[in-house]
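In our numbering, the protein residues as written are 2 to 319.
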Amino acid sequence: MKLFRGGMKVFSGNANRSLAKKICKELDAPLGICDLGTFSDGEINVNIAETVRGIDVFIVQPTSDPVNHNLMETLILIDACKRASAGRINAVVPYYGYARQDRKAKAREPITAKLVADLFTVAGADRVITMDLHAAQIQGYFNIPVDHLSGVPNLADYFEDIAKEDTVVVSPDIGGVTRARNFAHLLDLPIAIIEKRRPKANIAEVMNVIGDIKDKNVILVDDIVDTAGTITKAASALKSFGAKKVYGCATHGVLSGPAIERIEESAMEKFIITDTIHLTDEKRIDKIEVITVAPLFAEAIRRIHNNESVSTLFDDKD
Numbered sequence: 002m003k004l005f006r007g008g009m010k011v012f013s014g015n016a017n018r019s020l021a022k023k024i025c026k027e028l029d030a031p032l033g034i035c036d037l038g039t040f041s042d043g044e045i046n047v048n049i050a051e052t053v054r055g056i057d058v059f060i061v062q063p064t065s066d067p068v069n070h071n072l073m074e075t076l077i078l079i080d081a082c083k084r085a086s087a088g089r090i091n092a093v094v095p096y097y098g099y100a101r102q103d104r105k106a107k108a109r110e111p112i113t114a115k116l117v118a119d120l121f122t123v124a125g126a127d128r129v130i131t132m133d134l135h136a137a138q139i140q141g142y143f144n145i146p147v148d149h150l151s152g153v154p155n156l157a158d159y160f161e162d163i164a165k166e167d168t169v170v171v172s173p174d175i176g177g178v179t180r181a182r183n184f185a186h187l188l189d190l191p192i193a194i195i196e197k198r199r200p201k202a203n204i205a206e207v208m209n210v211i212g213d214i215k216d217k218n219v220i221l222v223d224d225i226v227d228t229a230g231t232i233t234k235a236a237s238a239l240k241s242f243g244a245k246k247v248y249g250c251a252t253h254g255v256l257s258g259p260a261i262e263r264i265e266e267s268a269m270e271k272f273i274i275t276d277t278i279h280l281t282d283e284k285r286i287d288k289i290e291v292i293t294v295a296p297l298f299a300e301a302i303r304r305i306h307n308n309e310s311v312s313t314l315f316d317d318k319d
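Here it is as structure tokens:
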């Protein structure tokens, strides 16, 4: 069994230093010093500028845009700590990229979720702490412990004052029903589901709503919003089926391509995301609000360091 002296240090890559600083504030600990740069050809250069020998190290880094750069930066940070004789290396990955290819949907496709899990393990990570994986079974792709936190309670807390008797929680697709049910359970609300189908190839999706949303306020709940096509189309469909106000929320605001423009022009009153991915200034609009998950990650880090149970932190039904 690996031993460490009892000390703990938190380091961060460049992907989301603001979240790492918030986590450190919650822990009342300084952010570890490391120099991150690139050589002239673009190769990543890392130098851990303080001792980590025998220390319990936590590296905070989502694999968000630019995905490949941030992933490599994380792996190199892990390798640097391993070669500096860190006692235990914990990869804190608020957003786990490459998770959408979690199975072979057709011939000759990769399973990138498993590939990235292997990369973390080979690099030297002893544990991964993440939030709202695109598919929960990705935990099984790792041969090291995974603590899978949920952002659903944080998002539900935001809507506590908005959620009244005339409010319904809606899943934008069949695959998100469990997430929507957990969200609705926390607010004691009913749920509805959007059913989508394509009658013919290259024909726009036809939507149907399973559940009663007429003359109701609705909250759309998702895990990842990338180009925002699905959630904004869902909001329009709900309006056409008689919904009053439509709100949207998601744990991970990837928000690439036309996402910001689509959200701005959508039928949603507000769109709430967490800070697992850093929201740049050019993406900040009035409709988007960001809530922090730093206290949850900080508590997970504190418990892991002290070898305490973290099960209550990732059970979003309690």
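Built from N, CA and C at the ideal position, the CB exists for glycine as well.
As the structure is a computational prediction, the values presented were derived from the model and not from experiment.
Supposed close pair residue i, residue j - CB separation, criterion 8 angstroms
i: Cys-35; j: Phe-59; result: That pair is no contact at about 13 angstroms.
i: Ile-292; j: Thr-275; result: 6 angstroms
i: Val-210; j: Phe-184; result: Actually they do not touch by this definition, with Cβ atoms about 17 angstroms apart.
i: Leu-76; j: Leu-120; result: 6 angstroms
Three-state secondary structure assigned by DSSP to residue i
i: Ala-124; result: helix
i: Leu-156; result: helix
i: Ile-24; result: helix
i: Ser-172; result: strand
i: Glu-270; result: strand
i: Ala-205; result: Residue confidence for Ala-205 is low, a pLDDT of 49 falling below 50, so the modelled location carries little weight; the figure read from the coordinates is stated next. Coil, per DSSP.
i: Ala-30; result: coil
i: Phe-143; result: coil
i: Ile-211; result: strand
i: Thr-64; result: coil
Cβ neighbour criterion (16 or more within 10 Å) applied to residue i
i: Val-61; result: buried
i: Ile-305; result: buried
i: Phe-40; result: exposed
i: Ile-220; result: buried
i: Asn-144; result: exposed
i: Pro-146; result: exposed
i: Pro-1; result: In the structure displayed, the chain extends from 2 to 319; residue 1 sits before or after that span and is not available.
i: Glu-74; result: buried
i: Asn-91; result: buried
CB contact flag (residue i, residue j, <7 angstroms)
i: Ile-261; j: Gly-249; result: no
i: Arg-268; j: Lys-240; result: Here the sequence assigns Ala to residue 268, which means Arg is not the residue at that position. In this structure, Lys-240 lies closer than 7 angstroms to Ala-268 by Cβ.
i: Ile-194; j: Ala-235; result: no
i: Ile-214; j: Val-169; result: yes
i: Met-208; j: Ala-229; result: no
i: Leu-150; j: Met-132; result: yes
i: Lys-288; j: Ile-264; result: yes
i: Ala-164; j: Leu-190; result: yes
i: Val-47; j: Ala-81; result: yes
i: Gly-98; j: Val-68; result: yes
i: Ala-106; j: Tyr-142; result: no
At 4 residues or longer, and completely inside the segment 70–128: list those alpha helix (DSSP H) runs for me, N to C. The qualifying runs are 113–124.
Alpha helix (DSSP H) runs wholly inside the segment 218–245, at least 4 long, in chain order: Complete alpha helix (DSSP H) runs here, min 4: 230–241.
Could I get the ranges of all uninterrupted alpha helix (DSSP H) runs contained in the segment 249–303, with 4 residues as the minimum, in chain order? As far as the segment 249–303 is concerned, its whole alpha helix (DSSP H) runs of at least 4 residues are 260–265.
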